[in-house]
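Numbering (the numbering used here), first residue to last: 1 to 398.
Structure first, then comments.
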Amino acid sequence: MGTPASRFFGFVIGGALPAAVAADWLTTVWDQNAGLYAAAPAAMVVEDVCAAWLADLLGLPAGVSAGFVTGGQMANTTGLAVARHAVLAAAGWDVEDRGLAGAPAVTVVAGQERHATIDRALRFLGLGRASVTPVPADGQGRMRIDALGEALARVDGPAVVCTQLGNVNTGALDPVGEIADLAHERGAWVHVDGAFGLWAAASPALRHLVAGAERADSWATDAHKWLNVPYDSGLVFTRHPEAHRRALGTSAEYLIAGERSQRDAMDFNPEFSRRARGFPIYAALRSLGRSGVADLVDRCCALARRFADGLAAADGVEVRNEVVLNQVLVRFSSTDGDGDGHTRDVIRRVQQEGTCWLSGTTWHGEALMRVSVSNWSTTAGDVDRSVAAILRCAGRGA
Ligand SMILES: Cc1ncc(COP(=O)(O)O)c(C=O)c1O
1 MGTPASRFFG
11 FVIGGALPAA
21 VAADWLTTVW
31 DQNAGLYAAA
41 PAAMVVEDVC
51 AAWLADLLGL
61 PAGVSAGFVT
71 GGQMANTTGL
81 AVARHAVLAA
91 AGWDVEDRGL
101 AGAPAVTVVA
111 GQERHATIDR
121 ALRFLGLGRA
131 SVTPVPADGQ
141 GRMRIDALGE
151 ALARVDGPAV
161 VCTQLGNVNT
171 GALDPVGEIA
181 DLAHERGAWV
191 HVDGAFGLWA
201 AASPALRHLV
211 AGAERADSWA
221 TDAHKWLNVP
231 YDSGLVFTRH
241 PEAHRRALGT
251 SAEYLIAGER
261 SQRDAMDFNP
271 EFSRRARGFP
281 IYAALRSLGR
291 SGVADLVDRC
301 CALARRFADG
311 LAAADGVEVR
321 NEVVLNQVLV
331 RFSSTDGDGD
341 GHTRDVIRRV
351 QQEGTCWLSG
361 TTWHGEALMR
371 VSVSNWSTTA
381 GDVDRSVAAI
391 LRCAGRGA
């Protein structure tokens with residue numbers, strides 16, 4: 001599948017910047033085991049440099065701890081492992097020592113439209129899906145702040161609030177600042193799943209969408225999505241470096257622990273041996289610069305709006321979401337009333353026709369086409385060609 005290509009709009013994939021690909025090749029050639037400073041000092045220093053640059057770019061507090069993990073799934077799992085440690089420690093329970101049997105119950109308050117990786121992380125962490133108190137969403141899939149207040153009022157004991165920046169269908173962003181304030185009043189830990197939406201912080205034009213995100217306790221995002229670094233590359237940050245170390249850290253007699261100022265990635269990552277994921281991120285950030293990252297994010301969002309406008313101009317084609325970011329949801333109506341069947345047919349025809357590739361979803365009870373613009377190399381011409389092909393497949397084009 002040509003996923004790194006400029007007309008691939010499926011899932012939320014992103015391409016690969018040339019400098020990041022080259023750095024990834026070098027990472028393979030250098031073959032560093034980036035678990036320990038003693039074994040891979042350059043890789044550890046580069047991760048420290050990237051962590052500081054990323055915190056600055058994403059508007060996170062200076063001094064956050066960082067883990068360079070495989071993707072959003074492991075970033076959420078790691079962030080929630082630190083959350084689990086901290087809320088149980090505050091309740092007088094050492095989960096690393098005693099495990100969960102007999103521990104105070106931890107409640108995870110999360111939006112109804114949270115990503116599947118949150119529930120999966122909770123399964124891995126022994127909290128289970130049943131630990132979730134779901135909070136109803138608004139018409140765009142954002143957590144409703146009034147409903148969060150009601151949910152928090154019912155919670156007793158240690159609590160984690162999971163908020164989302166970038167709904168995987170609509171791109172909608174939770175009101176993260178308000179959520180953080182409300183959750184902190186209740187003493188809860190605030191985790192942000194910002195797999196792609198946190199990158200709005202890198203754009204001066206879009207930063208308002210994530211206002212207050214810096215008040216959270218942990219953040220998960222991906223470099224392999226919107227930063228356009230090759231797979232696999234996820235990022236987790238926390239405001240609590242000591243809690244991060246206590247939840248993830250490990251040691252063994254045969255290893256060499258770094259000095260306090262030296263990074264041992266195995267203290268922040270779930271892996272022991274691991275790939276030096278910092279090098280491609282360093283190359284992506286150096287090749288783009290601050291304004292280049294902002295431009296990449298802005299360009300994708302502008303192209304998503306171009307997609308939406310081009311499709312919605314045709315009869316019988318409707319855009320179902322507010323295009324606030326890089327995601328577009330499209331419905332194709334049918335004279336026989338079977339809009340679901342017609343929409344799925346159009347998606348199938350587009351996939352077969354081959355000008356572009358995208359897929360579908362079911363959202364709020366309707367079958368919809370999903371468009372995600374996340375690739376650095378996509379141009380307005382790519383979008384126009386794709387819109388024309390989609391409309392031809394829908395029987396609406398020239
Ligand atoms: C909001 C959100 N969270 C988590 C993930 C999972 O990320 P990954 O596929 O990198 O594990 C995604 C993937 O699309 C996502 O959109």
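We treat Cβ as the ideally placed atom computed from N, Cα and C, and that holds for glycine.
Neighbour-count burial assignment, residue i, 16 or more Cβ in a 10 Å radius
{"i": "H244", "result": "buried"}
{"i": "Y37", "result": "buried"}
{"i": "F8", "result": "buried"}
{"i": "M266", "result": "buried"}
{"i": "W219", "result": "buried"}
{"i": "D56", "result": "exposed"}
{"i": "R290", "result": "exposed"}
{"i": "M44", "result": "buried"}
{"i": "L26", "result": "exposed"}
{"i": "S233", "result": "buried"}
{"i": "S273", "result": "exposed"}
{"i": "H208", "result": "exposed"}
{"i": "E253", "result": "exposed"}
{"i": "E366", "result": "exposed"}
{"i": "S386", "result": "buried"}
heavy atom of ligand 1 below 8 angstroms from residue i C-beta
{"i": "V411", "result": "No information on residue 411 is available, as it lies outside the stretch 1 to 398 that the chain covers here."}
{"i": "Q164", "result": "yes"}
{"i": "H191", "result": "no"}
{"i": "A411", "result": "No statement about residue 411 is possible, as the shown extent of the chain runs from 1 to 398 and does not include it."}
{"i": "M74", "result": "yes"}
{"i": "T78", "result": "no"}
{"i": "A81", "result": "no"}
{"i": "F196", "result": "yes"}
{"i": "F11", "result": "yes"}
{"i": "G177", "result": "no"}
{"i": "G15", "result": "no"}
{"i": "T70", "result": "yes"}
{"i": "V168", "result": "yes"}
{"i": "A86", "result": "no"}
{"i": "G234", "result": "yes"}
{"i": "A110", "result": "no"}
{"i": "T117", "result": "yes"}
{"i": "D222", "result": "yes"}
Element boundaries [alpha helix (DSSP H), containing residue i]
{"i": "E253", "result": "Looking at the DSSP string, E253 is not in any alpha helix (DSSP H), and its letter there is neither H nor E."}
{"i": "C50", "result": "41 to 57"}
{"i": "G381", "result": "380 to 393"}
{"i": "W189", "result": "From DSSP, W189 is part of no alpha helix (DSSP H) but of the beta strand (DSSP E) over 189 to 193."}
{"i": "A304", "result": "278 to 312"}
{"i": "G72", "result": "72 to 90"}
{"i": "T335", "result": "Premise fails: T335 is in no alpha helix (DSSP H) and is neither H nor E."}
{"i": "G177", "result": "176 to 185"}
Which listed residue (the options) has its alpha carbon closest to that of residue i
{"i": "G278", "options": "A183, W30, H85, L100", "result": "W30"}
{"i": "N321", "options": "N169, Y254, E150, T163", "result": "N169"}
{"i": "A394", "options": "S334, F268, L358", "result": "S334"}
{"i": "C356", "options": "S251, E113, I390", "result": "I390"}
{"i": "A202", "options": "T362, W189, T221", "result": "T221"}
{"i": "A180", "options": "V330, V161, P41", "result": "V161"}
{"i": "P4", "options": "D384, V373, G381, G397", "result": "V373"}
{"i": "L296", "options": "R263, G310, W376", "result": "W376"}
{"i": "D48", "options": "A200, M369, F268, V132", "result": "F268"}
{"i": "Q401", "options": "A153, W199, P158", "result": "Given that the chain is displayed from residue 1 to residue 398, the structure contains no residue 401 and the question cannot be resolved."}
{"i": "R392", "options": "G339, S65, F332, I281", "result": "F332"}
{"i": "P241", "options": "S65, W53, A90, L358", "result": "S65"}
{"i": "V46", "options": "R286, D94, A159, H224", "result": "R286"}
{"i": "A151", "options": "A23, V387, T133, H342", "result": "T133"}
{"i": "R275", "options": "V21, F68, F11", "result": "F68"}
{"i": "A101", "options": "G111, L88, Q112", "result": "L88"}
{"i": "P175", "options": "T379, V317, V346, G141", "result": "G141"}
{"i": "A205", "options": "L325, P41, P61, W363", "result": "L325"}
{"i": "R186", "options": "A367, P158, L329", "result": "P158"}
{"i": "L255", "options": "D24, A34, T28", "result": "A34"}
For residue i, the first and last residue of its enclosing beta strand (DSSP E)
{"i": "C162", "result": "159 to 164"}
{"i": "T238", "result": "234 to 238"}
{"i": "S359", "result": "359 to 363"}
{"i": "P134", "result": "132 to 135"}
{"i": "W25", "result": "It is not in any beta strand (DSSP E) - W25 instead sits in the alpha helix (DSSP H) that spans 18 to 30."}
{"i": "L329", "result": "327 to 332"}
{"i": "G67", "result": "65 to 69"}
{"i": "L368", "result": "366 to 372"}
{"i": "E318", "result": "317 to 319"}
{"i": "A216", "result": "Where A216 is concerned, there is no enclosing beta strand (DSSP E), given that its DSSP letter is neither H nor E."}
is_contact[residue i, chain C] using C-beta, thresh 9 angstroms
{"i": "L88", "result": "Judged by its chain identifiers, the structure shown contains no chain C, having just a single protein chain."}
* Asked: Would you call the stretch 335 to 354 and the stretch 183 to 198 touching, i.e. three or more CB-CB distances under 8 angstroms?
  -> no
Exercise for review: Specify whether the stretch 122 to 133 and the stretch 76 to 87 touch according to this definition: at least 3 beta carbon pairs, one from each stretch, less than 8 angstroms apart.
Suggested key: yes
Would you check if there are 3 or more beta carbon pairs closer than 8 angstroms linking the stretch 255 to 263 to the stretch 104 to 115?
no
*Is the stretch 139 to 148 touching the stretch 115 to 122 in the sense that three or more CB pairs, one from each, lie closer than 8 angstroms?*
no
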